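Numbering-wise (numbering that gives the first Met the number 0), the sequence shown opens with residue 0 and increments by one. Ideal Cβ positions, reconstructed from N, Cα and C, are used throughout, including at glycine. Just so it is clear, the structure is predicted and the values come from calculations on it, not from any experiment. Here's the structure we're looking at; comments come further down.
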Amino acid sequence: MQADKQSFPPVADVAGLSVLVLGAGAGVGPAVVRGFEANGARVHASDLTAEGQGGSRVPPHAVDDASAIAAFLDGCEAANGPLDVVAYVSPPVSVGKALDLEHEVYGRVLRDELLLPILLLREAARRMAGRGYGRLLSFCSMSGKTGVHPGVSPYAAAKGGLIAFSRSLAAELAPSGVTVNVVATALFDVQVHKTGEELAHVVKGIPVGRVGRSQEAAAAALFLASRQSGYITGETLNMSGGRFMD
Numbered sequence: 000m001q002a003d004k005q006s007f008p009p010v011a012d013v014a015g016l017s018v019l020v021l022g023a024g025a026g027v028g029p030a031v032v033r034g035f036e037a038n039g040a041r042v043h044a045s046d047l048t049a050e051g052q053g054g055s056r057v058p059p060h061a062v063d064d065a066s067a068i069a070a071f072l073d074g075c076e077a078a079n080g081p082l083d084v085v086a087y088v089s090p091p092v093s094v095g096k097a098l099d100l101e102h103e104v105y106g107r108v109l110r111d112e113l114l115l116p117i118l119l120l121r122e123a124a125r126r127m128a129g130r131g132y133g134r135l136l137s138f139c140s141m142s143g144k145t146g147v148h149p150g151v152s153p154y155a156a157a158k159g160g161l162i163a164f165s166r167s168l169a170a171e172l173a174p175s176g177v178t179v180n181v182v183a184t185a186l187f188d189v190q191v192h193k194t195g196e197e198l199a200h201v202v203k204g205i206p207v208g209r210v211g212r213s214q215e216a217a218a219a220a221l222f223l224a225s226r227q228s229g230y231i232t233g234e235t236l237n238m239s240g241g242r243f244m245d
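Structure representation (structure tokens):
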């Protein structure tokens, strides 16, 4: 049989792409930024709120509404050209038992963890769709799929809503060359502060026998953001070491 002479590009080709990482200072965010930079992307790194730890490229912004998000993206594109990739990284949030929380807490969490990411993805999608290319990617906790962790009910509701929104947006944008995907993470090294027997107990329920590495989350982001991932959209990638499977 004649050998296939088709050439294969790098699996995660992001060289030269203009990338915005929101939530760059928390959780797996720093590793995601480093991964894009190491592979030749032009990276803007920032956090969604003024309280966050901003990256070195773009100072932190208070993103309060649709007009503020549009202005923020205008600034990013003015500095580094049209955005090819927008990655939203959300760290896990523990807020307390569902029956004990005040109404205001639900409102704040749903605003910060659902409404703002939706507005961000929507504004980025408008720009990308007009150009015929784009990659939209969100990181969220597995609680958005399972909802089984105590103390995170509003956060789980927000992340579940973000997953559903991403699927719907993916269906709308599919003909335009813009993909929309989610990475759902379980326990990663940046969240672990236990050692010895405590850590052994934590990983006992993880089939691969360890916590996730932030570099692995970055690798997933690189592929889903790459030029090679155009046939993948509307998906939620589980990164839980086999603990949660679809």
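Among K144, V31, V10, D12, nearest to V20 - alpha-carbon criterion
V31
Mind checking L16: buried by the 16 CB within 10 Å criterion, or exposed?
buried
Can you find at least 3 beta carbon pairs, one from the region 122-136 and one from the region 82-90, that sit closer than 8 angstroms?
yes
Could you give the residue range of the alpha helix (DSSP H) that holds M127?
115-130
In the DSSP output, which residue or residues are listed as bridge partners for S137?
Y87, V181
My guess is that S231 and N180 are in contact by the Cβ rule of under 8 angstroms, so how many angstroms apart are they, rounded?
Sequence check: residue 231 is Ile here, not Ser. Contact holds; Cβ gap of about 6 angstroms.
So which of H43, S239, L109, H102 has the shortest CA-CA distance to G74?
H43
Quick check: the Cα distance between R125 and K203, rounded to an integer number of angstroms?
44 angstroms
So who's on the other strand from R41, going by DSSP bridges?
S17
Helix, strand or coil for T145, going by three-state DSSP, please let me know.
helix
Burial state of E171, where buried means 16 or more other Cβ atoms lie within 10 Å:
exposed
Own chain residues within Cβ distance below 6 angstroms of A97, not counting five before or after:
S152
Put L186 into one of helix, strand or coil per three-state DSSP.
coil
Please report the straight-line C-alpha distance between N38 and V13, rounded to a whole angstrom.
6 angstroms
G95 - DSSP class collapsed to helix/strand/coil:
coil
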